[in-house]
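Trainee: Submitted below is the structure of interest, expressed as C-alpha cells.
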Amino acid sequence: MTQTLSNQQQAQAVPPEPRQRHVLVRCFVFLKPYWRLTVGAYLAAVVVNALSVVIPQIIGWIVDEGITNQQTQLIGWGVLALLGVTVVRGILDFLLGRWSEVVSQSVAYDLRNTIHRKLNSLSFAYHDRAEAGQLLSRTMQDVERVRFLTGRAVLRLFQSFTLLLITLVVLLWMNPGLALLALSTMPLLSYVAYRFGRIYRPLSRDIQNQLAVLTTFLEQNLRGARIVKAFAQEDAQIQQFEGENSIWFRLSERAIRVQSTHVPLIDFIASVSTVLIIWYGGRLVIDGNLTIGELVAFTTYLGQLVQPLRRFGVIIPAIAMAAASGDRIFEILDAESDVKEAPDATPLPPVKGLVRFENVSFRYWGRRDILSGIQLEAQPGQVVALLGMTGSGKSTIINLIPRFYDPTQGHITIDGHDIRGVTLNSLRDQIAIVMQETTLFASTIRENIAFAVPDASEEEVIAAARSAQAHDFIMQMPQGYDTEVGERGVTLSGGQKQRVAIARALLKNPRILLLDDATSSVDTETERLIQVALERLMEGRTSFIIAQRLSTVRMADLVVVLDKGRVVAQGTHEELLQVSGLYAEIYQRNLR
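My numbering puts the first residue of the sequence shown at 3, with every later residue one more than the last.
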C-alpha cells in the first residue's frame, strides 16, 4: 500500500511547462540520424497543402465557367485537372506517411536500444530500488508514445498549421469581409483546444504511471505465482489487482470524459462558422457581389480551415501523453550509476588473485553500515570461507569484489590494482560468480551454461557440466543440452539449477571464483560430488565461498567470521574452534 501511494504521489508531480518543452526537444534529437527522410516528409506535407489550396479554386472555376456557362468541354478539362491534382496529392500523402512511419519506427528502435544499454550500465543499487514493471512499461508503452510523437503527430500538427495559415491567406485574398466572419470563432476554438491540452496533459501522466503500477503488480504476481498459490492468497491478490485497476479505470474514464466534452465542442464551434458563411455568403451571391463558384470554393476552404482545428483536438493530447512518456524515459537515461568507470581507467592485466580489503566500509543508500573497517587478505589460490549469522555482511563482501557496489570507505585491490582504477569489463572478465538466487534464462541448458562464453565449443560446455556434476541429469532430459529450461529455469529442480549455474561459472575459467551459498540447494550426495569438483577446479584460483556446511569450512584455507559487518575472527577451522566463541557457537548450531 505504501508503494502504491508513493507511485500515486509521483504521478501527481506533473513537470512544469519549461521541463515539458525540454523533454520534447530531447525526443526530437533522436530524429537527427534520419533528417533526410524527415525533411522529405515535411516538404511533401508542404506540397500536399499547396495542392489542397488549388483544389477549391479548380472547383470554383468549374462551377463558374463550366456549369454556369454550360461549357461541357471546360467541365471536362476542369475535371481532368482536378483528377490530376488529386492523384499527385494522394501519391505525396502516401510518401509522407511512409517516410514519417519509417522515421518514427527508427526512433523507437534507437530509444529502446538506448534504454536497454542504460539499464545494463546501471549498478545493482539502481536495480535494487527500481521496479521491473515500471521499467518494462517505460521501455515498451512510453517509447511507443514517443514514436507516435516523432512520426505522425508532429508531422500532422505541422501540416495542419501550414494548411491553416495558407487557407487563411487565400480567404482574406478572396473576400476579406467573409474571411473575417469565418475567423470570428477562431479565438474561441483556439481557447478550447488550449484548455483541452492543459487538462489532458497531467491526466495522461497519471494514467501512464498507474499503468506502470499495474504492470509491476502483474509482473510480481506472475513471478510469485507458486508462492501465491502455496499460501492460498489468490483472492487477496485478485482483490488488490482490482483495486489498482479501478484507479486506472477512473483516471481513464476522466480522460475520456474530458475528451468527449472538448472534441464535440470544437466541432460545434466549427459548424457555427459554416452556418455564418452560408448565410452571409448567400446574401452576397444574391446581391451579385460573389459568384456561386466563389461561395463553393469559400465553403470548401472553410472545411479545410476547420479540419486542422479538429486535428488539434486529437494531436494535442497525443503530444501531452508523449511529453509525459518522454519525461519518464529520460528519468532512466539521466540516472547516474553508483558504480562509475574512471575516465582514466586501464584494463586489468591477467591476475594471480591476491585480493585485499583495506579498511572497507559499506552502507546501502545512506543507511547504517553493513560493513565496517574490513581488513582482509586472500592469497593467490587460497580458498576463503565467509561465515556469520544472517545480515553479517557475507554477501556484501562477495558483491564488492566485482564492483556490483562500491565501498563507501576504504579500498579493494587485486594484485595491487585498486579495482576502481581498472575497467569494469577487464575486472569482471577474470571473476566468475554463482549467486545465492540462481538466475537462468528462458533458453536451452547449453545456452545457459555458455552464457559467459558464447563461442564455447560443445566439448567445453560438456566438460564444465561434468565438472559441476550436471552432465548426467542433463542427458536424462528429453532433448539433452537442447532442453528448454523455461522462465527462470522453472522446469529444473533447485539443485539442478544450481549445478547449471556452477557449470556456467566454471566454463569461464576465472582467476577469482565467488560462490554465494553455491551448494545451499543441493542434497548431501550432490554436494559431496560438487565439493570434489570444486576442490580440483579451485586449485590456482582465489575463491571466496559463503559457508553454510561443515564440508565447506574444512576445505577452506582461511575462515573469516563476520558479526554485524565486522571481521571478528580469522583462521582455520581448528584454530577458530579454540579462539572464537562465536565460531564455536555457529559450529554447534549450524555446521555440526
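Ideal placement from N, C-alpha and C gives every residue a C-beta, glycine not left out. Remember, predicted model here, so these are calculated numbers, not experimental data.
Strictly by DSSP, which residues pair up with HIS419?
Mentor: Residue 419 sits at position 417 when you count from the first residue of the sequence shown. DSSP lists ILE416 as partners of HIS419.
Trainee: Nearest CA to the CA of LEU304: which residue from LEU185, THR217 and TYR44?
Mentor: To locate residue 304, count along the sequence shown from 1; it is residue 302. Here the closest residue by C-alpha is LEU185.
Trainee: Starting from the Cα of SER552, find the closest Cα among GLU576, GLY567, VAL569 and MET540 and give me that residue.
Mentor: By 1-based counting over the sequence shown, the position of residue 552 is 550. It should be pointed out that residue 552 corresponds to Leu in this sequence rather than to Ser. Residue GLU576 is the option with its Cα nearest to LEU552.
Trainee: Go through the stretch 425-511 residue by residue and report every complete run of the beta strand (DSSP E) that reaches 3 residues or more, in order.
Mentor: Entirely contained in the stretch 425-511, the beta strand (DSSP E) runs reaching 3 residues are, in chain order, 433-436.
Trainee: For LEU124, does the three-state DSSP call read helix, strand or coil?
Mentor: Residue mapping note: residue 124 aligns to position 122 of the sequence shown, counting from 1. It is coil, neither helix nor strand.
Trainee: Classify MET540 as buried or exposed, calling it buried when 16 or more other Cβ atoms lie within 10 Å of its own Cβ.
Mentor: Numbered from its first residue, the sequence shown carries residue 540 at position 538. Classification for MET540: buried.
Trainee: Between which two residues does the alpha helix (DSSP H) holding GLU146 run?
Mentor: One-based indexing of the sequence shown puts residue 146 at position 144. Start and end: 145-150.
Trainee: Judging by CA-CA distance, which residue of ILE399, PHE364 and GLY390 is the nearest neighbour of LEU378?
Mentor: Your numbering for residue 378 matches position 376 in the sequence shown. For the residues ILE399, PHE364 and GLY390, the minimum Cα distance to LEU378 belongs to ILE399.
Trainee: Considering only DSSP beta bridges, list what LEU373 is partnered with.
Mentor: Numbered from its first residue, the sequence shown carries residue 373 at position 371. BP columns for LEU373 point to PHE364.
Trainee: Looking at the unbroken beta strand (DSSP E) that takes in THR544, where does it start and where does it end?
Mentor: For the purposes of this step, residue 544 is taken as residue 542 along the sequence shown, with counting starting at 1. 544-548 is the span of the beta strand (DSSP E), which, as asked, contains THR544.
Trainee: To the nearest angstrom, how far is the alpha carbon of ARG256 from that of GLY92?
Mentor: Position 254 of the sequence shown holds residue 256. Position 90 of the sequence shown holds residue 92. About 38 Å.
Trainee: Compare the Cα-Cα distances from LEU426 to each of GLY482, THR574, LEU389 and VAL341 and report the closest residue.
Mentor: On the sequence shown, residue 426 is found 424 positions in, with the first residue counted as 1. The shortest C-alpha separation from LEU426 is found at VAL341.
Trainee: Within this structure, are the beta carbons of LEU166 and LEU307 separated by less than 8 Å?
Mentor: Position 164 of the sequence shown, counting from 1, holds the residue named residue 166. Position 305 of the sequence shown, counting from 1, holds the residue named residue 307. Contact flag set, yes.
Trainee: When the Cα of LEU183 is compared with those of ILE279, ASP144 and ASN122, which residue comes out closest?
Mentor: As a first step, residue 183 is located in the sequence shown; it is residue number 181 there, counting from the start. Of the listed residues, the one whose Cα sits closest to LEU183 is ILE279.
Trainee: Quick one, are the C-beta atoms of ILE60 and LEU84 less than 8 Å apart?
Mentor: Stepping through the sequence shown from its first residue, residue 60 is reached at position 58. Stepping through the sequence shown from its first residue, residue 84 is reached at position 82. Yes; because the gap between Cβ atoms is below 8 Å, this pair is in contact.
Trainee: Hey, LEU388 and VAL145: beta-carbon distance below 8 Å or not?
Mentor: Looking up residue 388 in the sequence shown gives position 386. Looking up residue 145 in the sequence shown gives position 143. No, Cβ-Cβ distance for LEU388 and VAL145 is not below 8 Å.
Trainee: Is LEU53 helix, strand or coil by DSSP?
Mentor: For the purposes of this step, residue 53 is taken as residue 51 along the sequence shown, with counting starting at 1. Looking at LEU53 - three-state DSSP - the assignment turns out to be helix.
Trainee: Between ASN51, ILE117, ARG591 and GLY78, which has its C-alpha nearest PRO32's C-alpha?
Mentor: The sequence position of residue 32 within the sequence shown is 30, counting from 1. The amino acid occupying residue 32 in the given sequence is Phe; Pro does not appear at that position. Of the candidates ASN51, ILE117, ARG591 and GLY78, the one whose C-alpha sits nearest the C-alpha of PHE32 is ILE117.
Trainee: Going along the chain, which residues of its own chain have a beta-carbon closer than 7 Å to the beta-carbon of ILE451, five neighbours each way excluded?
Mentor: Along the sequence shown, read from residue 1 onward, the residue named residue 451 stands at position 449. Only VAL463, ALA466, ALA467, VAL502, ALA505, ARG506 and LEU509 meet the Cβ criterion.
Trainee: Can you find the residues in the same chain that come closer than 7 Å, C-beta to C-beta, to THR485, ignoring five residues on each side of it along the sequence?
Mentor: As a position in the sequence shown, residue 485 is number 483, starting the count at 1. Excluding sequence neighbours, THR485 sits near THR446, ILE447 and MET479.
Trainee: Could you tell me the boundaries of the beta strand (DSSP E) in which ALA184 lies?
Mentor: Within the sequence shown, numbered from 1, the residue matching residue 184 stands at position 182. That residue, ALA184, is in no beta strand (DSSP E); its alpha helix (DSSP H) goes 178-185.
Trainee: Which class does ALA380 belong to by DSSP, given the choice of helix, strand or coil?
Mentor: What you label residue 380 is simply residue 378 of the sequence shown in a count that begins at 1. Reduced to three states, the DSSP call for ALA380 is strand.
Trainee: Note down, in chain order, each residue of its chain lying with its Cβ closer than 6 Å to the Cβ of GLY99, except the 5 sequence neighbours on either side.
Mentor: Residue mapping note: residue 99 aligns to position 97 of the sequence shown, counting from 1. Closer than 6 Å at Cβ, skipping near neighbours: no residue.
Trainee: Tell whether a beta-carbon distance below 8 Å holds between SER545 and VAL353.
Mentor: The residue labelled residue 545 in the question sits at position 543 within the sequence shown. The residue labelled residue 353 in the question sits at position 351 within the sequence shown. Their beta carbons are not under 8 Å apart, which means SER545 does not touch VAL353 by this criterion.
Trainee: Return the chain-ordered list of same chain residues with a C-beta closer than 7 Å to the C-beta of GLN5, the five sequence neighbours on each side being excluded.
Mentor: Mapped onto the sequence shown, residue 5 falls at position 3. In this prediction, GLN5 scores a pLDDT of 41, lower than 50, which makes its location untrustworthy; the coordinate-derived value is nonetheless stated afterwards. Cβ neighbours of GLN5 beyond the five flanking positions: none.
Trainee: Any chance you could list the beta strand (DSSP E) runs of at least 3 consecutive residues sitting entirely within the stretch 83-110, in chain order?
Mentor: Counting only runs of 3 or more, we get nothing.
Trainee: Checking the sheet assignment: what are the DSSP bridge partners for GLN580?
Mentor: Within the sequence shown, numbered from 1, the residue matching residue 580 stands at position 578. For GLN580, which the question treats as bridged, DSSP gives no partner whatsoever.
Trainee: In angstroms with no decimal places, state the Cα-to-Cα distance between GLN14 and GLN212.
Mentor: On the sequence shown, residue 14 is found 12 positions in, with the first residue counted as 1. On the sequence shown, residue 212 is found 210 positions in, with the first residue counted as 1. Its pLDDT being 38, under 50, GLN14 is placed unreliably in this model, and the value from its coordinates should be taken loosely. Roughly 11 Å between the two C-alpha positions.
Trainee: Between the stretch 201-220 and the stretch 322-335, can you find at least three pairs of beta-carbon atoms closer than 8 Å?
Mentor: With the cut-off at 8 Å, the stretch 322-335 and the stretch 201-220 touch.
Trainee: Nearest-angstrom Cα distance between ALA470 and LYS499?
Mentor: Counting from one through the sequence shown, the residue named residue 470 turns up at place 468. Counting from one through the sequence shown, the residue named residue 499 turns up at place 497. If I take the Cα positions, the gap works out to 11 Å.
Trainee: Just reading off the alpha helix (DSSP H) that ASP237 is part of, what are its end residues?
Mentor: The residue you call residue 237 lines up with position 235 of the sequence shown. 236-288 is the extent of the alpha helix (DSSP H) around ASP237.
Trainee: Considering only C-alpha positions, which residue in the set LYS34, TRP101, ARG513 and PRO58 is nearest to GLY383?
Mentor: Position 381 of the sequence shown holds residue 383. Per the Cα distances, ARG513.
Trainee: According to DSSP, simplified to helix, strand and coil, what is ALA13?
Mentor: Sequence index remark: in the sequence shown, residue 13 carries index 11 (1-based). Confidence at ALA13 is low in this model, with a pLDDT of 38, below 50, so the placement of that residue is unreliable and no value is reported for it.
Trainee: With distance defined between alpha-carbon atoms, name the residue in THR152, GLY42, VAL357 and ASP95 nearest to VAL25.
Mentor: Within the sequence shown, numbered from 1, the residue matching residue 25 stands at position 23. The shortest C-alpha separation from VAL25 is found at THR152.
Trainee: Just tell me which of VAL109, ILE317, TYR407 and GLY390 has its CA closest to the CA of TYR589.
Mentor: For the purposes of this step, residue 589 is taken as residue 587 along the sequence shown, with counting starting at 1. Closest by alpha carbon: GLY390.
Trainee: I need the DSSP call for THR217, collapsed to helix, strand or coil.
Mentor: Locating residue 217 in the sequence shown gives position 215, counting from the first residue. Of the three classes helix, strand and coil, the one that applies to THR217 here is helix, per DSSP.
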